[in-house]
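Everything below concerns the one structure shown next.
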Amino acid sequence: GEMLVPAFSQEEYRARTTRLRQQMAERGIDALLVLNEGNMNYLTGYEGFSDYVPQLVLVCQDEEDPWLILREMDTLCADASSYLPQSHVLSYPEKYIASSQLSAWQPIAGLVRERSPSGCIGVELSGKILGLKGHAALGKSLGTSEFIDADGMISSLKAIKSPAELTYMEQAGKIVDRAMQVGRLAISVGARECDVAATIAHALYAGTPEFPGGTSRSPLVTMPVGSPGAAPHLTWTDGFYKMGCQTNFELGAVRHRYCCALSRTVFLGEPTARSRHVHQACLDGFLAA
3 GEMLVPAFSQ EEYRARTTRL RQQMAERGID ALLVLNEGNM NYLTGYEGFS
53 DYVPQLVLVC QDEEDPWLIL REMDTLCADA SSYLPQSHVL SYPEKYIASS
103 QLSAWQPIAG LVRERSPSGC IGVELSGKIL GLKGHAALGK SLGTSEFIDA
153 DGMISSLKAI KSPAELTYME QAGKIVDRAM QVGRLAISVG ARECDVAATI
203 AHALYAGTPE FPGGTSRSPL VTMPVGSPGA APHLTWTDGF YKMGCQTNFE
253 LGAVRHRYCC ALSRTVFLGE PTARSRHVHQ ACLDGFLAA
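Shown next, in the form of structure tokens:
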């Protein structure tokens with residue numbers, strides 16, 4: 003297959019880091035540890051499914067490009083997907099993985115201190131891989147437990163979209179429209195719920211003739227059917243469709259991490275008076291907005 007290429011230009015990635023460094027300066031942060039996997043991708047283009055082990059992006063005030071710090075085997079993912087040169091992709095040995103005596107935060111802290119020997123450190127403290135033990139190990143290895151909470155800094159940057167980002171979102175919108183249509187048409191008496199879900203999943207991944215769909219770190223299809231229909235965020239069951247079933251679809255199509263969501267309710271047969279009332283209320287609110 004073809005090599006992965008970053009979703010954006012080097013100039014766009016660097017512009018994001020520049021804006022982030024401006025925020026860091028305003029808060030007195032000399033070095034920032036970015037732990038959120040989506041934020042790591044936003045800054046570097048890194049695409050590895052590897053956030054079940056310690057990893058981060060290090061941003062320093064005096065460097066144009068950030069550093070990726072990964073487990074050793076995942077550096078190949080960075081070479082394949084990130085815009086960063088190899089000199090900015092760092093790693094720690096595999097012996098730190100799943101060890102009861104060693105913590106990967108120890109070598110990570112060493113790599114951080116080599117590039118930022120002193121100064122104030124900001125950390126995305128809600129990073130799911132950090133945890134209580136990780137926080138303690140990182141603080142001990144860095145020689146400080148006084149971190150500035152950097153949660154939300156990158157989210158504020160993401161609020162303003164570039165033309166390239168908007169293009170990906172528009173493409174995702176076209177994909178999710180198509181997926182909803184094929185899912186609706188797949189529903190019939192006797193159809194398996196899983197087959198309807200598979201039809202939708204195929205449309206979400208196949209995309210359109212012009213551009214393919216992408217993948218996500220979250221489920222792309224939730225579709226409670228029947229009596230659980232009032233409960234959100236459930237998936238399909240082992241069941242079959244029968245007359246009178248209501249399905250609440252919540253779908254998400256993705257293009258290079260940019261998701262467009264779409265929700266619709268499909269009733270097999272004649273909707274109840276209550277369903278018609280709820281539909282009209284939702285429609286009136288939508289049109290009024």
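With the first letter of the sequence shown counted as 1, position 237 gets the number 239 in the numbering used here; the numbers rise by one all the way through. Don't be surprised by glycine CBs; every beta carbon is placed ideally from N, CA and C. The structure displayed is predicted, hence computed values, not measured ones.
Which one or two residues does DSSP pair with residue i in a beta bridge?
{"i": "Val-223", "result": "Leu-253"}
{"i": "Trp-69", "result": "Leu-60"}
{"i": "Gln-248", "result": "Phe-269"}
{"i": "Asp-81", "result": "In the DSSP output, where bridge partners are listed per residue, Asp-81 has none listed."}
{"i": "Phe-242", "result": "Arg-194"}
{"i": "Ile-150", "result": "Gly-124"}
Flag this pair as yes or no: are the beta carbons of residue i and residue j separated by less than 7 Å?
{"i": "Arg-194", "j": "Phe-242", "result": "yes"}
{"i": "Tyr-54", "j": "Ala-80", "result": "no"}
{"i": "Ala-152", "j": "Leu-34", "result": "yes"}
{"i": "Tyr-249", "j": "Val-227", "result": "It is Thr, not Tyr, that sits at residue 249 in the sequence shown. Yes, the Cβ-Cβ distance between Thr-249 and Val-227 is below 7 Å."}
{"i": "Gly-216", "j": "His-258", "result": "yes"}
{"i": "Gly-150", "j": "Gly-124", "result": "Correcting the residue identity first, residue 150 is Ile in this sequence and not Gly. Contact: yes."}
{"i": "Val-198", "j": "Ala-205", "result": "no"}
{"i": "Val-91", "j": "Leu-70", "result": "yes"}
{"i": "Phe-288", "j": "Ser-277", "result": "no"}
{"i": "Cys-262", "j": "Val-178", "result": "yes"}
{"i": "Ser-218", "j": "Val-256", "result": "yes"}
{"i": "Asp-240", "j": "Ser-118", "result": "no"}
{"i": "Ala-174", "j": "Tyr-44", "result": "no"}
{"i": "Thr-210", "j": "Lys-176", "result": "yes"}
{"i": "Ala-181", "j": "Leu-253", "result": "yes"}
{"i": "Asp-76", "j": "Ser-101", "result": "no"}
Report buried or exposed for residue i, applying the criterion of at least 16 other Cβ atoms within 10 angstroms of its Cβ.
{"i": "Val-7", "result": "exposed"}
{"i": "Arg-61", "result": "In the sequence under discussion, the amino acid at residue 61 is Val, which differs from the Arg named in the question. By the neighbour-count rule (16 or more Cβ atoms within 10 Å), Val-61 is buried."}
{"i": "Cys-294", "result": "The displayed coordinates of the chain run from 3 to 291. Any statement about residue 294 would go beyond what the structure contains."}
{"i": "Val-280", "result": "exposed"}
{"i": "Thr-237", "result": "exposed"}
{"i": "Thr-274", "result": "exposed"}
{"i": "Phe-251", "result": "buried"}
{"i": "Pro-56", "result": "buried"}
{"i": "Leu-72", "result": "buried"}
{"i": "Gly-146", "result": "For the sequence presented, residue 146 should be read as Thr rather than Gly. The residue is exposed, with fewer than 16 neighbouring Cβ atoms inside 10 Å."}
{"i": "Arg-18", "result": "buried"}
{"i": "Ser-83", "result": "buried"}
{"i": "Leu-144", "result": "buried"}
{"i": "Glu-116", "result": "exposed"}
{"i": "His-245", "result": "For the sequence presented, residue 245 should be read as Met rather than His. Counting Cβ neighbours within 10 Å, Met-245 comes out exposed, since fewer than 16 surround it."}
{"i": "Glu-272", "result": "exposed"}
What are the boundary residues of the alpha helix (DSSP H) that includes residue i?
{"i": "Tyr-44", "result": "39-46"}
{"i": "Gly-112", "result": "107-117"}
{"i": "Tyr-15", "result": "12-29"}
{"i": "Ser-157", "result": "155-160"}
{"i": "Val-293", "result": "The requested residue 293 does not occur in the structure, where the chain is confined to residues 3 to 291."}
{"i": "Glu-195", "result": "195-208"}
{"i": "His-137", "result": "133-144"}
For chain C, check one thing: does any of its Cβ atoms lie closer than 7 Å to the Cβ of residue i?
{"i": "Leu-285", "result": "Among the protein chains of the structure shown there is no chain C, as only one such chain exists."}
Provide the residue span of the beta strand (DSSP E) that contains residue i, from first to last.
{"i": "Thr-267", "result": "260-269"}
{"i": "Ile-123", "result": "123-125"}
{"i": "Val-280", "result": "Note, Val-280: premise wrong, no beta strand (DSSP E); alpha helix (DSSP H) at 275-290."}
{"i": "Val-91", "result": "91-94"}
{"i": "Val-36", "result": "33-36"}
Open item on the list: Can you confirm whether the stretch 101-108 touches the stretch 80-88 when touching is taken to mean that 3 or more C-beta pairs between the two stretches lie within less than 8 Å?
Closed with: Verdict: no, contact absent.
Task: Contact between the stretch 119-135 and the stretch 157-165 (3+ Cβ pairs under 8 Å) - done: Flag = no, the stretch 119-135 and the stretch 157-165 do not touch.
Open item on the list: Quick test of the definition: if touching needs 3 or more C-beta pairs under 8 Å, does the stretch 11-27 touch the stretch 64-75?
Closed with: Proximity of the stretch 11-27 to the stretch 64-75 meets the contact definition, three or more beta-carbon pairs being nearer than 8 Å.
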